[in-house]
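*Asks:* Quick one: this structure, given as structure tokens, is what I'll be asking you about.
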Amino acid sequence: MPDRMPWLYRIPLILVLWVALVFLIAGLTKPMIRFEQFWVFSDTVSLWGGTMTLLRSGETFLGSVLMLFSILFPVIKNLWLLVLAHLGRPRGFGMKVLGVLGKWSMLDVFVIAILIVSARMDGITEAQLLSGLYYFIVSVLLVNAVSTIFTWAPRVEIKAV
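Numbering follows our numbering, with no gaps: position 149 of the sequence shown is 264.
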């Protein structure tokens with residue numbers, strides 16, 4: 116089809132998206148923050164574990180916001196970009212959906228930033244950042260880079276021989 120992106124361009128994007136998905140899974144499941152209180156009490160939290168704890172403890176609104184914007188949106192955006200990259204058609208309906216996902220996707224980073232800032236402002240609690248946060252950030256950056264490439268890449272036409 117004449118409006119497909121050539122495989123030469125798609126293969127690196129697909130590989131980057133798979134790497135981003137691995138980083139995302141690590142970012143969701145590995146410890147993200149360690150809270151220490153009075154240099155005695157310590158609690159290590161992953162994004163997935165913290166969200167599940169909130170939902171189980173009755174904090175439905177906050178748990179749902181974290182689930183939606185910090186877990187589901189990044190996973191959906193990554194998978195949607197993989198579909199677009201495999202199809203080789205980053206335009207039309209696919210790009211409209213990507214635009215909608217993109218408008219909400221940075222909220223995940225803001226939610227985590229607010230959590231960290233609020234813990235550090237307490238004065239009693241110290242928050243130490245762990246590997247899960249860095250995996251999560253790398254995943255978000257890789258996915259946003261591919262999304263930007265899809266948005267700004269010139270349209271390539273392949274002529275039939």
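By construction, the Cβ of each residue, glycine as well, lies at the ideal position given by its N, Cα and C atoms.
Report the rounded CA-to-CA distance for residue 151 versus residue 139, giving the unit in angstroms.
*Replies:* Taking the straight line joining both Cα atoms gives about 25 angstroms.
*Asks:* Who are the near neighbours of residue 170 in its chain, counting only those whose CB is closer than 6 angstroms to its CB and skipping five residues on each side?
*Replies:* Correct list, in chain order: 178.
*Asks:* Could you spell out where the beta strand (DSSP E) holding residue 121 opens and where it closes?
*Replies:* That residue, residue 121, is in no beta strand (DSSP E); it is neither H nor E in DSSP.
*Asks:* Are residue 186 and residue 244 closer than 8 angstroms when you measure CB to CB?
*Replies:* Not a contact, by the Cβ cut-off of 8 angstroms.
*Asks:* Taking the alpha carbon of residue 181 as the point to measure from, which residue in 260, 165, 193 has its own alpha carbon closest?
*Replies:* Taking only the C-alpha atoms, the option nearest residue 181 is 165.
*Asks:* For residue 161, name the three-state secondary structure that DSSP assigns.
*Replies:* Strand at residue 161.
*Asks:* So, for residue 157: in the same chain, excluding its five sequence neighbours on each side, which residues have a beta-carbon less than 8 angstroms away from its beta-carbon?
*Replies:* Around residue 157: 149, 150, 151.
*Asks:* If you draw a straight line from the alpha carbon of residue 128 to that of residue 246, how long is it in whole angstroms?
*Replies:* Roughly 25 angstroms separates the two Cα atoms.
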